[in-house]
Every structure is written in C-alpha cells, then in structure tokens.
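Q: According to UniProt numbering, the sequence shown is numbered sequentially starting from 1.
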Amino acid sequence: MAVENCDCPPGYTGRSCEDCAPGYYRDPNGPYLGYCIPCECNGHAATCDCNTGICHDCQHYTTGEHCDQCIEGYYGNATRGTPNDCMICACPLPVESNNFATSCEVSEDGYEIHCACKPGYHGEKCQSCAPGYYGQPQVEGEFCKQCDCSGNINAEEPGACDSVSGECLLCLNNTYGRACNLCAPGFYGDAVHLKDCQSCICDKTGMDYCDNFVGTCNCLPNVIGEKCDRCDDDHYGFESGRGCTACDCGIASNSSQCDDHTGKCACKPGVTGRQCDRCEPGYWNYSEEGCVPCSCNTDYSRGLGCNALTGQCECLSGVVGEKCDSCPYRWVLIPDTGCQECDVCHHALLDVTDGLKLDIDPVLDDIKTIADDYYTSQKLKYFDDMVDRLEPKVRSLDPHGVNLNPSKQKVETLESEVKNLDRRIQYADENAKDISTNSQNLLAAASNVLDDCRLVHINTKNTIDEVLILAENLGSSEITKLDQAFAEAKNYLDNIKQYSTTPESLNSQLDNATRLLEAVESFGEPVQTQHEKLAKLMHDIGEFDVKLEDLYTWSLKVEKESSITSRLNNKNKGAVNTKFDTVTAHAKEATENTENSKGLLGNSSNIMKDIDITHTELGNVNRGLTDLNNDVDNQLPVAFEEYQQLSPLIEQSYDHANQLKMEAESLTDKYSGVSANSETALQAATAHSKIVDAVNEAADGIRNATLTAQKATNQTEGIDNRAAESDAASRELLSEARRMFTTLQMELEPQSKKSIDTVDGIKEKNAHSDDMLYSINAALDGIPEESHTDDWETARDQAIEAQAKSHNSMKILDPMISDLSKSVYMAEQLPKEVDNTQKDIKQATTQIERLKTMIPNIRQLVEKLDAKQNQVDSIVSDIGDRLESLKRQIGEARSIANTIKVGMQFHPNTTVELKPPQSLSQMATNSNVSVFFRTDRPEGFLLYLGNEVKPDAKKSSRDDYMALEIENGYPVLSIDLGNDPEKVISPKYVADDKWYQAIVERTGNNVKLIIREELENGTDVFHTKEQVLPGAYNVFNVDQNSKLFIGGYPPEYNMPQDVKSSEFDGRVEQLQIGGEHVGLWNFIDAQNVYGSPERESLRNEENPSTGFRFSGNGYVAIDSKPYTFKQQSQLQFQFKAPPETRDGLLFYAGKNKHFISVEMRNGAVVFQFKLGQHAQAVTMGSSSAFNDDKWHKISVERDGNIGILTVDDREVFQQTGSADHQQLHISEALYFGGYHSRVGHPEI
C-alpha cells in the first residue's frame, strides 16, 4: 500500500507539511493553520516554540523570549545577530568566576567601565567588598563572603569587619573576638544566641578577667572577694591595678597587716622601715620587742647613734665605756675633741691629793657616824618630853563628863533643815517645769504678738508714706493758693483800716454783699447741676467704652477661631461635610455679634465714639460673612464628592464583616481538633493572634465609618434655623442703626446748641461777677476806720467765700468748654459714619439672601445623610453582634488552651511569656506558686513574675517581683517587696535530671521555698527553707499588667540585676499561681517551644502548701465569670479535715432560688443543687466519713438535672432531679470554705 509523502517548502515538515520545521513557528494570521515563519531569535538560538515563537536555549550569553537581552554580568546589543553581541563585564575581572556585576556600562573607547554590583560588592568595578562582607574579589577564584560576626555588628556600617580577612572590628552588644562571639572583657552572657552580654559585677581595678559565660570574677594576684574588690590579708596596693603585694612585715611590727595604700607596717618603738626591719637611729638590739635606745653620753660621744648589733656608742677620742661614760683616770675632757692624759706636774699634784684623800676618808666616816647618833638621841628626847606634857591632860579627861546634847540638837536641827531644803528643792523643780512650759507658751504668744506688731508697723509705715505723699501733693497745689489768699486778706484788712464809715453805710454795704453772694450762689447752681450731669455722662461713657473694648476683643477671638477652623478644614478633607462646621460656627458667631451689637447700640445715644467703634465691628462681621459665603460656595462640591465616597466604604465594611465570619468559622474548625498535645496548642495560640488582629482591624473600620457618618449628620443639623436667625438679626440691626441715626439728629444737635448758649451765658455771668467784685472792693475802700471790726471781718469772710465759689465754678466749666468742640466735631462726622454702616448692612443682607438659596440643597443632603446613617447603624449593630460572638469564641479558646496540661521542653534559646491569671490581684498579702521541673544543668531560669524595671529609674512600688532560678544546682528564690531584693536558697540539689516540684508560699514577710521530691519507694519528701524578709513593706504589687515569664525571657526585657540566668534547658509542667492552673500553652508570645512527655514521677498531685487553711470563720471568693455553670457544672478540689470537724461548707454558688453546694455533714460529703424556685433540691452524699485528717479528692458533675459525686476516684453517687428544670443561675462569685453571711437556702 503506497503512502503519500509531500515535498515540503522551507519552513514546513511532516507527511502533509502540517508542522513548522525547526527554526520556524506558526503565525496564526495566515490561511488555514497560519504561516510558518522563521524564529526571531537574533541569531542566538536555533529553535523556538512552534506556537508562541519563544526562543529555546539562547546562546552567546543572551536571554529573553527572543534572545534580545544580555544575561546578568554581560553588556552589549543582543539584537545585532552576531556571537559577540554580549561581552562579559570586567567587574573586576573578565572571567566568570570574578564577574560580580548585574550589568555594566562601557565607554565607546572601551577604557572606562561602570559596574552595577551584586549585593556584597562595591566600587566602580566591584573591586571591593561592601560593608559586612570580606574577601579579595580582584583575585581570580575569590569572592566576597558575608562576615560571620554572630549578628553583633551593624553590617551597613563601614569598617564593621575587615574587608579582606573578615575579622570583626566594631562589635556591638558588649561583644568582642574575631567573630564577635564572646562577651567583651568585663561582660558575660551568651553572645551568639541570646545576645545578653551584661556587665560583670567585678571591680575593674582588681579583676584580671571576667568569665565570658557565667560572669565569675578572676582576680589579679593576691586580690580576693567575689567582685575582686580587696587585697588578700597581709597584702597592699589594690589601687595599682596590677594586683596586691605582700606586706612582709618584720618581727618588730605590731601587726602582719600593713597600710592598704603605702604598704607601711606599724612598727614597735625604736623600729623603722616599710617592713619594720631595722632600728631607728639612736636605737639598737632589733628583736620582737622592738629596739633599745642607745642612751649615749652626749658629752663624750659623737652624736646619738650606736652600733645596731652591739649597742656600742661611737665615743670621742680617749673616752671609755659602752655608753661613752667618762675619760680614763687622770685624763681630762676637751669638748668636741676627746680625753687627754694629764702631764707630769699634774700627776705629782694628784699623787699628793690622793694621799690626803686616803687620810681624810676614815675621819669623815667616823664624823658621819657620830653625827647620826647625836641626831637620833635628840629626837628621842623630844618625844619623851612631849609624852610627859600630854599625860596629865589625858588623865584629866572624863568621857562621862562631856555633854553631847547640844551637838545632837544641832545635828537634828541640821537634818530637819536639810529635809526642808530637799522639799523646797523638789517644789522648786516642779515649779521650774511649770514655769518652763508657761515660758514656752509665753514665748509662742510673744512671737505671735511680735509678728502682729511687725505687721502693724508695716501698715503704719505704709500709711505714713501715703500721708506724706498726700501732703506733698496738697502742698504743691494748695500752699500757693493759701499764701495768695492770706496776702489778699491782709490787703483787704489794710484797706479797711484806712477808711472809716458809719454803721448805716456799713450795713448798706453788707446788704449789697449779701445780695451779691446770693446772686453768685444762684448763678452757680446751674453750673453745679451741669457738672453733675457731665460726671454722670462721663461715667456712662466709661462703661460703654469698656463694653466696646470687650466687643473688640471678642471679635478678634472670633476671627482667630475662624482662621483655626479654616486650617482644620483643609487638613480634614477625608471627613464628610466638615465645611458645615464652619457655617454653623460662623452663623452662631454672627448671631452673638448681632445680639451684642444691639445691646451696645442701646447705650450709644449721647456719644459719637460708640457709633464709630460699632461701625468698625460691623465691617469686620460683614467681611467674615463674605468669606464664609465664599467658603460655602467653594466647599459644597467637594463635600458632595466626599459624601459619595461613603458608599465604597460601607461596601468595604460588608466585605470585612463577611471575611470575619469566614475566619470565625475557620477558627471553630481549628478549635474542634484541639487535643492534649503541643502541636495543637500552638495552632490554638496562633489562631487567637489572628482573631485578635482581625477583630481590631474590623473594629477600627467600623469605628471610622460610624464617626464619619455621625459627624456629617451633626454638622448639618439646624443649619437652616441658624441661617434664618442670622438674617433676622441682621435686619433688626439695620433698623436699629437707622433709628439711632434719627435719634442722634433730633436730640444731639439741639442739646449741643443749648450747651453752647449755656456756656455763653456763664461767660456773661462770670464777667458780671467780676464787675460786682470790683464794686465791692471799691465800696470797701470807702469804709471809714471807725467801723466795727467784727462787721468788717464778717464782710471780708463772705467776700472771700464768694470769690472762692466763683473760682470753683470756673474750674468746673473749663473741661466742659474744651469737650464741646470735640463733641461738635463728632456730631458733624455722624451722618458719614451712619451712611457707611447702612452700606455694610446692605452688603450683609445680600450675602444672607444668597445663603438662603443654598438651604434647600443642604436639607436634601441632610436627608440623604440620615438615610445612610440608618443604614450604617444597622450594619454596625450586626457587626457588633458578630464581634461579641467572636469574643465569646476567643474566651472559649483561651479556656481550652488553659486546660492543656502538656508540658514544655525548653532549650537555651526558648522564651515564653504567659498570660497572667485572674487571681493575680489577690496575691498582695498571700502568694502561692507551684511548678514541676526537671533539668541536669546547674544554672537555669525557671520563672519570673513582676513588673519591668526601667534602667536608671527611681525605685517605686511597681518594681516588686518574684523570680525562681537554679544557681550552682540549687533552687534560689529572689523576691523584692519594696525593701530591696532578698534571696531564699534551698539546700536541695536539683540538677540531677529528676522531677521536682517547687512551691513558693508567702504570707506577708514570711516566705517558704519548698522542694518536693519523690523517693524510689514512692514516698514524698519536702525540703523546706523558711525566711523572714526584712523591712516594713509586705505587699506584693502585681496585677494583670505584670509580666509572667517561664523558662526564658526576651533579651530586650529589662530584668532586675539580681536575676542572673536568662535561659533554661529542661522540662516544665503544671504551673499554678494562687491556686489557679496556668496553662503553659496559653501564652502571649513564645519562641522555640516544644512539647514534652508527661512526667514519670510525682504523679500524685497532693499539694497541701498551695491550698488555703480555714479556721471556721473565713472564706475564699473566686470570680465566676471565666467558668460556665448554666447547663453543665464540673468541680474538683481536695480537702483535709480533722476528726473534731464534723460539719462545714466546702463549696457554694447560687443566686435567688438557684444554688449548688458541697458540704460535710457528720464527716460525710454531701453534694446538692437546686434549679429554681419550683424545682426540688437534688441531694446525694457518701456513706462514710472523711474527717480523718487525710487529703481527699472530691469531684462533682452536673449535666442538666443529673448530678454525680465522686470521692477519691472510687465512690460514685448519682442522683436525677426533675426534667422540667435544666439550667443553673449563679452570682458573680464562687465561695470555698464558707460564706460571708447566712446562706439563704434551708437545704444547706
């Protein structure tokens, strides 16, 4: 059978030429299946994809779908189609192994190149390693490697490590070494993993080095102390920094210890030298007792010194004796020279004197003996004569003849006087005490009086100063007037004396003077009245001026607040309709301005200045309204656009709510698989963190949407009413201004003319008064000398008084005359000011009319916002319900995680922060902590409970903490209640890879550290260390904000300095705080945690030291909110009761007619519950007694109306109640050991 084979044209292949040949691909734009056209690979690939045309296996260092680009590290134009299109970048060498550029740029002549370096390289040709890297990239085969500095350098800092050798140079975190893997000298800790190098406590002066890992101080030679802070005994020189030097005090020193600074030993008398090793000059015979003085005879010796070994003094020439005692016999001393022998002549003379001496000496001895006998006989004779004289007198004495009664009476008298004096002294002493007390009281009273006197003195001095000032003022103004008046009166008297008149003419002149005086008084009455009116007018002007100043200040404040509001509006463009706040604020301000202006204009009827100021303020208000109007016109379109943006935000809220629902369902699925293993616990903790993030994000979105909508609604409420009020107020202001202008024209101008006429009249009267006074003076000049003196003096006084009143009137009129010109000028300016005011009010009215046209649009916008607000409220309500559901699920998840009893395996890099229990606030005066652990390491960090201590901060009550560590294999409890940290060290060694239970029990300042151990025979042994903490503080200040770490803590946490360890290598189980179980897997944050198998020993959870002891009148109340008792109830506890305790309330919870309780009746355990008023109480109890002073485990369960009681996991009692009642309602507290009052249930 023949098969057809087609002869295909170039580019096609296959039996029927249905495929494109290699090097071609199909173009779908042709007929049938399309044309086969050559691959577009720029000559760098032989084939391409037959459908897409993408090139296969690009060569010549090219890449891309069409081999149109150079690969990384090469440069050139790959589209030229030659094998040499892409050339290698010489960055720094033109070989593959040393090409460290992603791309490069080469100059046209090929001599200049600029490379884009890979990470870790820098330089124009990538010829150097970047900061944090090292190597020799210019050597073929070499490359830059990252510096291995244990994460303790700033890799971006130049010079942090050597760019060639890789040696770390700028180590951080108190580390050093070639790889920064050791703590720096003077620091210790884990420099690689925990990076917690902390300062050693060693004294730098005495420290040779500090152990890099444990912080042990290694001292310089002969330096001792935990901190290397002192010299060893019998050593000195600590400050030298080179160690201490031995004192090496000699045998003649008082002590083997020398001076700490100089090394000088304390020497015995006569001893000197730093080591007390030789005698001082002038001493000899060095021994344990010191040195002996030389005691040389200075007249015969050379100085005071002697031989230190023999004591021989250094004598002058010819002197003999150990101490240079004297010259030899028949030698003579020449001072400062020595002894010289006498010559022959002196020897002959001395021979004669020696012979005479031999002859005289016996005679002298005899004479001396005779003299001694003579003196002795004379002394005896004197005594005999004295005896002879005294014997008759002694014999004459009669002991019975002496009368001693007078002496006795005198003695008795003296005794009575002494007693009286003693009583007076006691009385005087008592009086002295009373006088001392009274003196102190008197002194205090005197001090108070002195203070009062000082105050009076100060006040008096101030008064005198004021009087002096007043006198000076009066003197400066009145003395001149008095002198002038006195001179005029004297002149008048002289004139009167020059003339004489008759009584008739005098009486006539007196009558004229009297009439003149009355005329002056009547003339002064209008002036006085005008003065009073003027004073009242000035007072009203002052009050009005104050009000105008307040108005001006208030207007400036309004303008400032308007400016601030405008800036805030520009910043808050994201909020809807924020510009309505400005309209509302300015409308309110315009209303207040209008009301204030109306009240102030009512007082401006008599003064032109008021109109000027009010007009200025109205101009400011009008300009403010103009600006507001422009703002409203400009911002309304923007506000509408911002309002339209609410719809996408609400849709996002719906989407977010749906996402929360899906996460909640996912969370429920995750929690359904929770089991008692570490992996599941970790998943629960992770889910919790995701839920918290999602809830927070949803709450923020809802809160923002709600606030935005509510703010928009509030801003638009009442704006139409405020605009209408502004319009009415402005109209009323216009009419009031017009009325005021008419009033001013009608009243002020006539009054001004009247005032001018009155002034003219006053001037005429004043001239007339001067004429009259002149006539009086002329008449007085004609009075004869014979007139009566009394009448003259009376007339003179009346004339002086009239003249004084005239002058006073002039003083009153002068200010009025000066003010009239100013008032006339202001009256002339009034029509111009009123016209300006009318123009401004007209402009304000125009602006208000424009505002009215905008009110309908604003109302429509408000109605739309109300509808959107209702829609948002419904969404918020729905999301709130879902959030509450999520919170309940989170609480249930926390409860489930808290019940997981799987232990943890800790490693040196493990950190765990747990959620503090609810009972933490009840540990103020009593604290109970229990934990099981196992380790084989002598150092470890078990747990920490307390507050973070800020560095360099002042100590406060928030610095309390409790930490449990293992030091050198022994448990150590560090605790600080505010008095300073104290340590309680257990004597039990626990670093033997066995299970132990650590129990901390504190009551006030009494602390117990108990280590529970299980022996091979199964019995438990308790190793107890009890200690009383010093100090007055005994309250443990911790709360829900305190930190709870177990097995390790983050390096950035500020741990107290007394806590030495930061990691734990071992296993931990079953942590209890305050009797409440704290789940290890209910953590806030954890790093590198692993599950641990259940412990093999200490399975018996008998733990009497973490419970409570009741004496019959106490109780413990626990918050019931974390526990669910409504449908089901589960309770488990242990108790121990002595035989004498037969009845008692072990547990109770209830509300109204609902209750659940566990009692002890006659030693038996009774469990009962009641589910409502009409339900029957369900009661069950044990048949045997358990008040045997042993621990028993009680477990009670209730499922609806079915109850089960279990004692010691063996005895089971079950009872069923009425099926009509299934739920239990209890109060907010669970009570153990008693109740605070009488229980309101007769069944209990």
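For glycine and all other residues, C-beta sits at the position ideal for the given N, C-alpha and C.
Helix, strand or coil for residue 1048 per DSSP?
A: strand
Q: Note down the Cα distance separating residue 140 from residue 105, rounded to an integer number of angstroms.
A: 22 Å
Q: Less than 8 Å between the CB atoms is what I'm expecting for residue 940 and residue 1065, so what's the real figure, rounded?
A: 6 Å
Q: When the cut-off is 9 Å and only beta carbons count, does residue 1242 lie next to chain B?
A: Structure shown: chain B not included; a single protein chain is present.
Q: Can you give the beta carbon distance from residue 234 to residue 246, rounded, assuming they're within the 8 Å contact cut?
A: 6 Å
Q: Got a sec? Which residues, its chain only, sit under 6 Å from residue 1189 by beta carbon, not counting five neighbours each side?
A: 1138
Q: Taking just the CA atoms, how far does residue 865 sit from residue 873?
A: 12 Å
Q: Excluding five sequence neighbours on each side, which residues of the same chain lie with their C-beta closer than 6 Å to the C-beta of residue 241?
A: 205
Q: In whole angstroms, what is the alpha-carbon distance linking residue 1161 and residue 902?
A: 38 Å
Q: Within 10 angstroms of the Cβ of residue 668, are there 16 or more other Cβ atoms? Answer buried if so, exposed if not.
A: Note on residue 668: pLDDT 46, under 50, position unreliable in the model; no value is reported.
Q: Which partner residues does residue 127 have in the DSSP bridge list?
A: Partner(s): none; residue 127 has no beta bridge.
Q: In whole angstroms, give me the CA-to-CA distance for residue 33 and residue 8.
A: 15 Å
Q: Expressed to the nearest angstrom, what Euclidean distance is found between the alpha-carbon atoms of residue 966 and residue 290?
A: 55 Å
Q: Counting only the same chain and skipping the five closest in sequence on each side, list residues whose C-beta sits under 6 Å from that of residue 288.
A: Excluding positions up to five away in sequence, the list reads 251.
Q: Rounded to whole angstroms, what's the CA-CA distance from residue 1041 to residue 919? Just pull it up for me.
A: 13 Å
Q: Looking only at its own chain, which residues have a Cβ that is under 8 Å from the Cβ of residue 917, when we skip the five neighbours before and after it?
A: Result list for residue 917: 1073, 1074, 1076 and 1078, in chain order.
Q: Does the structure place the segment 1108-1118 close enough to the segment 1173-1192 that three or more beta carbon pairs sit under 8 Å?
A: Below 8 Å, too few C-beta pairs join the segment 1173-1192 and the segment 1108-1118 to call them touching: fewer than three.
Q: What does residue 386 pair with, by DSSP beta-bridge criteria?
A: Answer is none; residue 386 lacks a bridge partner.
Q: If contacts are defined as beta-carbon pairs under 8 Å, then residue 200 and residue 191 qualify, I think. What distance do you get, rounded to the angstrom?
A: About 14 Å separates the two Cβ atoms, so there is no contact after all.
Q: Contact between the segment 1145-1165 and the segment 1117-1131: three or more CB pairs below 8 Å?
A: Cβ pair count under 8 Å is three or more, so yes.
Q: Among the candidates 345, 1095 and 956, whose CA atom is the shortest distance from the CA of residue 1033?
A: 956
Q: For residue 298, count neighbouring Cβ atoms within 10 angstroms of its own Cβ and tell me buried if that reaches 16, exposed if not.
A: exposed
Q: Report the three-state DSSP secondary structure of residue 515 (helix, strand or coil).
A: helix
Q: So who's on the other strand from residue 224, going by DSSP bridges?
A: 230
Q: Would you report the Cα separation of residue 579 and residue 877, rounded to the nearest angstrom?
A: The predicted position of residue 579 is uncertain, since its pLDDT is 41 and thus under 50; no value can be drawn from it.
Q: Does residue 968 pass the burial test, meaning 16 or more other C-beta atoms within 10 Å, or should it be called exposed?
A: Residue 968 comes out exposed.
Q: In angstroms, rounded to a whole number, what distance separates the CA positions of residue 499 and residue 515?
A: For residue 499, the predicted model reports a pLDDT of 48, less than 50, meaning its position is unreliable and no value from the coordinates is stated.
Q: Of the choices 944, 1164 and 316, whose alpha-carbon is the least far from that of residue 914?
A: 944
Q: What beta strand (DSSP E) runs, 3 residues minimum, are completely inside the segment 975-1028?
A: 982-985, 996-1003, 1006-1014 and 1020-1028
Q: Please report the distance separating the alpha-carbon of residue 590 from that of residue 841.
A: Residue placement at residue 590 is flagged as unreliable, the pLDDT there being 47, under the threshold of 50; a coordinate-derived value is accordingly withheld.
Q: Got a sec, what are the start and stop residues for the beta strand (DSSP E) residue 1270 sits in?
A: The question about residue 1270 has no answer here: the residues shown for the chain are numbered 1 through 1244.
Q: Within 10 angstroms of the Cβ of residue 1269, are there 16 or more other Cβ atoms? Answer buried if so, exposed if not.
A: Past the edges of the chain, shown from 1 to 1244, lies residue 1269, and the structure says nothing about it.
Q: Below 8 Å on the Cβ atoms is my contact criterion, and I expect residue 1067 with residue 1097 to pass it. Report the Cβ-Cβ distance as a whole number of Å.
A: About 12 Å; that fails the 8 Å criterion.
Q: On the three-state DSSP scale, how would you describe residue 311?
A: coil
Q: Taking 9 Å as the cut-off, decide whether the C-beta atoms of residue 908 and residue 193 are in contact.
A: Yes, Cβ-Cβ distance for residue 908 and residue 193 is below 9 Å.
Q: Report the rounded CA-to-CA distance for residue 342 versus residue 316, giving the unit in angstroms.
A: 17 Å
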